[in-house]
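Some notes on the structure that comes next.
Protein chains: 2
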Amino acid sequence: MIRVLQRSLAVLECFSDEKPRMSLQEISQAISLPKTTTFRILATLVGAGYLIQLENQSYGLSHKLMTLASIAQKSLGIRDIAHPHLEMLASKTGETAEISMLDGDYRVCLDAVESKSSLKSIVTPGARLPLLHGATGKVFLSRMKDSEIERVIKSQGKPTEVDKARLKKALVKIKKQGYAVTQNERVRGATAIAAPVFSHDGNAYCITVTGPSGRFEDREEKLRTMVTEAAAQLSSLLGMRLGGTG
Amino acid sequence: MIRVLQRSLAVLECFSDEKPRMSLQEISQAISLPKTTTFRILATLVGAGYLIQLENQSYGLSHKLMTLASIAQKSLGIRDIAHPHLEMLASKTGETAEISMLDGDYRVCLDAVESKSSLKSIVTPGARLPLLHGATGKVFLSRMKDSEIERVIKSQGKPTEVDKARLKKALVKIKKQGYAVTQNERVRGATAIAAPVFSHDGNAYCITVTGPSGRFEDREEKLRTMVTEAAAQLSSLLGMRLGGTG
DNA sequence: GGAACACGTTCCGTCTAGTGGACTTGATGC
DNA sequence: GCATCAAGTCCACTAGACGGAACGTGTTCC
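Quick mapping for you: the protein sequence lines, in order, are chains Z and S.
As numbered in the working numbering, residues 92 to 337 make up the first sequence, in order.
As numbered in the working numbering, residues 92 to 337 make up the second sequence, in order.
Here's what the structure looks like:
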């Protein structure tokens, strides 16, 4: 493995949304390398156009990365892009994480990373499930037109009018807050937290974390944040348009 | 300057929309380096997660680049992103290239790269111009609502009803074909070719190439393609959404 | 106004680590 | 089963990356 390359990539990676521009010193500290070495790497990256040097001598990522990313995006499927995020989410939460999409009036699981705990939720990629139960389904429902919701209720549910009103109220809330939490809905003893993901081409996906309710109670808010953040990140990546003059 | 780094970046750059996945051999040929050296670079890039290796042993750009690009996008303004494209367009066409955006009922030039010819169009970044004359203005108009167009005509023009009908017909055509070409409109003896650029956040821009009509006649189609392609590329880059759960 | 400091940038002798030709492995085809 | 081709490994060689020290410039603080 090439050391300079790893170091150089570390340089690129030390930029973040919070710190999009950094000075030589900051960077050399961030990657724990002498100034000289860092400087040489920076000079090369600037020369190649991957970094730009700003007036105040600090450095920032440049447009060339966007060009590459646009190529990457085209050649990758949703699973390729989502998988590392699911990995991260599963490891951070310790629970099972999955991504699903709408398929007609059902949702289908595209990919999942299972919890490492022996007590865990098992989800099967490829599984096609109804929308009326579970957090994932509710997230999708919350984005559908009223007429579509009616149709789903009609075909999948057996609700009284009271249930219907309650469901619709819940959906409005879910849409507004940007996530759904359910307990004992699809699987007894399980809790699920789901958040929507949007891509440039209008497709919507849903990221969900599921596990035994007992492990959710005292950290629901933290888990919720992790799920919505992962969803936001994915949305950000998928939001890249693929070209065309519009 | 670090040689390995430059070589490694060359590896990344040899991927393209046309060829998003490449084999070791193809890459080593593309960058004219021995297989061994190329292999080591590839292994490092795969290890760092910037490339992925597919089933058929070929390589492709990976999602990590998208993460970086998303950071780059946030820290860059439209000018930073557009400038290299204007440079390229100006050098490929030999004419002056500019990017502008709407500002109320006017258009304002954000950035320009001038032709190297001694006979050239001069455009001034920052200049605020009416929409009714010139290809750029027409591109913007073509995307506006009818009521807005009426307002612009009322405030900027002195047209008979005939002119108005002709203009609107032209705008429909421009919107449909995705570019505008004008001659002798704003500047006598000058031709302009303009194409729209769209970004994720709903902002619209316009890329324009202008120069003496005599240099446009026999290569208008070629120039048109260059302008629309540059616009499409920019749209692609700007289409990257900046996050948020939607 | 000058001294001390901070930070980017350049220089250069040292020796690490990147290089690439030769080799192995493994798959495909006749 | 042998030939062919490409991916991947090995290793001696030396190019070139490394980083401590020096330099230059701009800023702060007595």
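Where is the CB? At the ideal position from N, CA and C, for every residue including glycine.
Computed from a prediction, not measured in an experiment: that's the story for all the values here.
Buried versus exposed call for residue i [16 or more other C-beta atoms within 10 Å across all chains shown]
{"i": "L145(Z)", "result": "exposed"}
{"i": "Q164(S)", "result": "buried"}
{"i": "S246(S)", "result": "exposed"}
{"i": "E186(Z)", "result": "buried"}
{"i": "K229(S)", "result": "buried"}
{"i": "M92(S)", "result": "exposed"}
{"i": "D196(Z)", "result": "buried"}
{"i": "P287(Z)", "result": "buried"}
{"i": "L210(S)", "result": "exposed"}
{"i": "Y168(S)", "result": "For the sequence presented, residue 168(S) should be read as Gly rather than Tyr. Counting Cβ neighbours within 10 Å, G168(S) comes out exposed, since fewer than 16 surround it."}
{"i": "E189(S)", "result": "buried"}
{"i": "A139(Z)", "result": "buried"}
{"i": "I240(S)", "result": "buried"}
{"i": "R315(S)", "result": "buried"}
{"i": "G302(Z)", "result": "buried"}
{"i": "I132(S)", "result": "buried"}
{"i": "D237(S)", "result": "exposed"}
{"i": "T282(S)", "result": "buried"}
{"i": "K67(Z)", "result": "Absent from the model: residue 67(Z). The displayed extent of chain Z is 92 to 337, so no value can be given."}
{"i": "V253(S)", "result": "exposed"}
{"i": "T215(S)", "result": "exposed"}
{"i": "A218(S)", "result": "exposed"}
Pairwise C-alpha distance: residue j and residue i
{"i": "G335(Z)", "j": "A321(S)", "result": "Model confidence at G335(Z) stands at a pLDDT of 31, short of 50, so the residue's coordinates are unreliable; what they give is reported in the following sentence. Taking the straight line joining both Cα atoms gives about 10 Å."}
{"i": "L180(Z)", "j": "F307(Z)", "result": "14 Å"}
{"i": "C297(S)", "j": "P125(S)", "result": "44 Å"}
{"i": "A173(Z)", "j": "V137(Z)", "result": "30 Å"}
{"i": "R98(Z)", "j": "I265(S)", "result": "49 Å"}
{"i": "L103(Z)", "j": "L152(Z)", "result": "7 Å"}
{"i": "S304(S)", "j": "R198(S)", "result": "22 Å"}
{"i": "T251(Z)", "j": "D194(Z)", "result": "26 Å"}
{"i": "V204(Z)", "j": "K249(Z)", "result": "33 Å"}
{"i": "M192(S)", "j": "A256(Z)", "result": "47 Å"}
{"i": "L325(Z)", "j": "V278(S)", "result": "47 Å"}
{"i": "G280(S)", "j": "L258(S)", "result": "21 Å"}
{"i": "R310(S)", "j": "S149(S)", "result": "40 Å"}
{"i": "V243(S)", "j": "L262(S)", "result": "13 Å"}
{"i": "A121(Z)", "j": "S114(Z)", "result": "10 Å"}
{"i": "S119(S)", "j": "P221(S)", "result": "52 Å"}
{"i": "T184(S)", "j": "D202(S)", "result": "17 Å"}
{"i": "F289(S)", "j": "K267(S)", "result": "15 Å"}
{"i": "R112(S)", "j": "T127(S)", "result": "19 Å"}
{"i": "S208(Z)", "j": "T158(S)", "result": "29 Å"}
{"i": "S123(Z)", "j": "M317(S)", "result": "45 Å"}
{"i": "N147(Z)", "j": "T129(Z)", "result": "18 Å"}
Short CB-CB distance (under 8 Å) between residue i and chain Z
{"i": "Y141(S)", "result": "yes"}
{"i": "F307(S)", "result": "no"}
{"i": "L180(S)", "result": "no"}
{"i": "D202(S)", "result": "no"}
{"i": "D237(S)", "result": "no"}
{"i": "S208(S)", "result": "no"}
{"i": "L159(S)", "result": "yes"}
{"i": "K313(S)", "result": "no"}
{"i": "G151(S)", "result": "yes"}
{"i": "I162(S)", "result": "yes"}
Within-8 Å CB hit, residue i to chain S
{"i": "Q148(Z)", "result": "no"}
{"i": "I172(Z)", "result": "yes"}
{"i": "M192(Z)", "result": "no"}
{"i": "I317(Z)", "result": "One detail in the question is off: residue 317(Z) reads as Met in this sequence, not Ile. Judged by the 8 Å Cβ criterion, M317(Z) is not in contact with chain S."}
{"i": "R256(Z)", "result": "Checking the displayed sequence, the identity of residue 256(Z) turns out to be Ala instead of Arg. No, no contact with chain S."}
{"i": "R198(Z)", "result": "no"}
{"i": "V263(Z)", "result": "no"}
{"i": "G228(Z)", "result": "no"}
{"i": "M113(Z)", "result": "no"}
{"i": "I298(Z)", "result": "no"}
{"i": "P125(Z)", "result": "no"}
{"i": "S119(Z)", "result": "no"}
{"i": "I93(Z)", "result": "yes"}
{"i": "P216(Z)", "result": "no"}
{"i": "F106(Z)", "result": "yes"}
{"i": "G334(Z)", "result": "Confidence at G334(Z) is low in this model, with a pLDDT of 33, below 50, so the placement of that residue is unreliable and no value is reported for it."}
Next item on the list: Counting only runs of 3+ residues fully inside the segment 176-214 of chain Z, write out the beta strand (DSSP E) ranges in chain order.
Entry: 187-194 and 197-204
Check: Which runs of the beta strand (DSSP E) spanning at least 3 residues fall entirely within the segment 251-284 of chain Z, listed in chain order?
Finding: 271-274
Checklist line | Touch test, the segment 260-271 of chain S against the segment 223-240 of chain S, Cβ-Cβ under 8 Å, three pairs minimum | finding: yes
Check: Where are the beta strand (DSSP E) runs, 3 residues long or more, that stay fully inside the segment 136-170 of chain S, in chain order?
Finding: 142-144 and 150-152
Notebook entry, point to check: Could you give the uninterrupted runs of the beta strand (DSSP E) lying entirely in the segment 213-246 of chain S, keeping only those of 3 residues or more?
Noted result: 219-221
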